[in-house]
Amino acid sequence: MPELIRPSTVLPANRSAITIKTSDGLNLIGEVAAPLGEITGSLLMLHPNPSGGGMMDSHIYKKAANRLPAMAGIQIIRFNTRGTVSEAGKSEGEYDHGKGEKLDVLAALDYCFDQLKIKNLYVIGWSFGTELALQYARDKRIKELILLSPPMLSTTEDDLDFWIKDGRVITALIPELDDYLKSEAAKLKFSRVKNLKQIDVAGAKHLWVGEPMVHLVLSEIVKVIAPNRLPLAQEI
319 MPELIRPSTV
329 LPANRSAITI
339 KTSDGLNLIG
349 EVAAPLGEIT
359 GSLLMLHPNP
369 SGGGMMDSHI
379 YKKAANRLPA
389 MAGIQIIRFN
399 TRGTVSEAGK
409 SEGEYDHGKG
419 EKLDVLAALD
429 YCFDQLKIKN
439 LYVIGWSFGT
449 ELALQYARDK
459 RIKELILLSP
469 PMLSTTEDDL
479 DFWIKDGRVI
489 TALIPELDDY
499 LKSEAAKLKF
509 SRVKNLKQID
519 VAGAKHLWVG
529 EPMVHLVLSE
539 IVKVIAPNRL
549 PLAQEI
């Protein structure tokens, strides 16, 4: 008899611990979760702010790694930025308020392209991670960005100018009840970025708590990377 997918559900994948070396000599801990079969695309995840408890295991990211390799053929790459702790361990260095983390993002991108030989890479940021994505995930080999609850606290108009000129598609999920950037404010903030698709999510909060919200977010990720794998199953 089929069982409902629950927060604790872990589906089959090839999971391996990784170490990412930054240009300033730090070792960052991470994990790759690869599908057992064909890879439809790869997703590098930039986590929420560690000063508020963000890490590679923040619940949406952990559930993506637990489900999407099997459900959608998506390879998930997660890591802890400098000084960040999760169950897998602590990355070297100290939290640097989004400045030194530039080197972490660049190192993670290099790892994806040089070590994993990824050809079809997408980048997602959640909260603080969206600032890192917009400011530093600019490698021309990246296909698209996905923004989850972007607070837009440190991203500048110059940063947005880059993406306007660049033209790559950006998908932004905006929670109706967000703590930082709600729908109308997001529309104003992103009004010049014609290549940005804003998805307003009724009833959602910044942290996307609850299985219905998890399913929605994972479905939007799959819609970007592997739309032919929709709809995502809710039972196994």
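First residue of the sequence shown? That's 319 in the working numbering, and the numbers climb one at a time after it.
Don't be surprised by glycine CBs; every beta carbon is placed ideally from N, CA and C.
Mind checking whether Ala-406 and Ala-335 have CB atoms under 8 Å apart? Along the sequence shown, one-based indexing puts residue 406 at 88. Along the sequence shown, one-based indexing puts residue 335 at 17. Contact: yes.
Which runs of the beta strand (DSSP E) spanning at least 3 residues fall entirely within the segment 391-442, listed in chain order? 392-397
Rank Leu-450, Thr-340 and Leu-463 by C-alpha distance to the C-alpha of Asn-438 and give the top, closest one. Indexing the sequence shown from 1 puts residue 438 at position 120. That would be Leu-463, whose Cα lies nearest to the Cα of Asn-438.
Along the beta strand (DSSP E) that carries Lys-461, what are the first and last residues, could you check? On the sequence shown, residue 461 is found 143 positions in, with the first residue counted as 1. Here the beta strand (DSSP E) through Lys-461 covers 460-466.
Applying the criterion that 16 or more other CB atoms from any shown protein chain within 10 Å of the CB defines a buried residue, is His-377 buried or exposed? On the sequence shown, position 59 is the one that residue 377 refers to. Per the 10 Å Cβ criterion, exposed.
Among Ile-517, Leu-525 and Ala-551, whose alpha-carbon lies nearest the alpha-carbon of His-533? Here residue 533 is taken as the residue at index 215 of the sequence shown, counted from 1. Comparing Cα positions, the closest option is Ala-551.
Classification of Arg-385 by the beta-carbon crowding that lies within 10 angstroms, buried from 16 upward: Locating residue 385 in the sequence shown gives position 67, where the first residue counts as 1. Arg-385 comes out buried.
Of the listed residues Gly-521, Ala-544 and Thr-473, nearest to Gly-447 (C-alpha basis): To locate residue 447, count along the sequence shown from 1; it is residue 129. That would be Thr-473, whose Cα lies nearest to the Cα of Gly-447.
Report the start-end ranges of each beta strand (DSSP E) in the segment 456-538 that is 3 residues or longer and not cut off at the edges. 460-466, 488-493 and 514-519
Thinking C-alpha only, which one of Ile-392, Leu-495 and Tyr-429 is nearest Ser-467? Here the question's residue 467 lines up with position 149 in the sequence shown. The residue with the shortest Cα to Cα distance from Ser-467 is Leu-495.
Which residue comes first and which comes last in the beta strand (DSSP E) that contains Asn-362? Residue numbering aside, residue 362 sits at position 44 when the sequence shown is read from its first letter. Residue identity differs from the one stated: residue 362 is Leu in this sequence, not Asn. Looking at the DSSP string, the run of the beta strand (DSSP E) that includes Leu-362 is 359-364.
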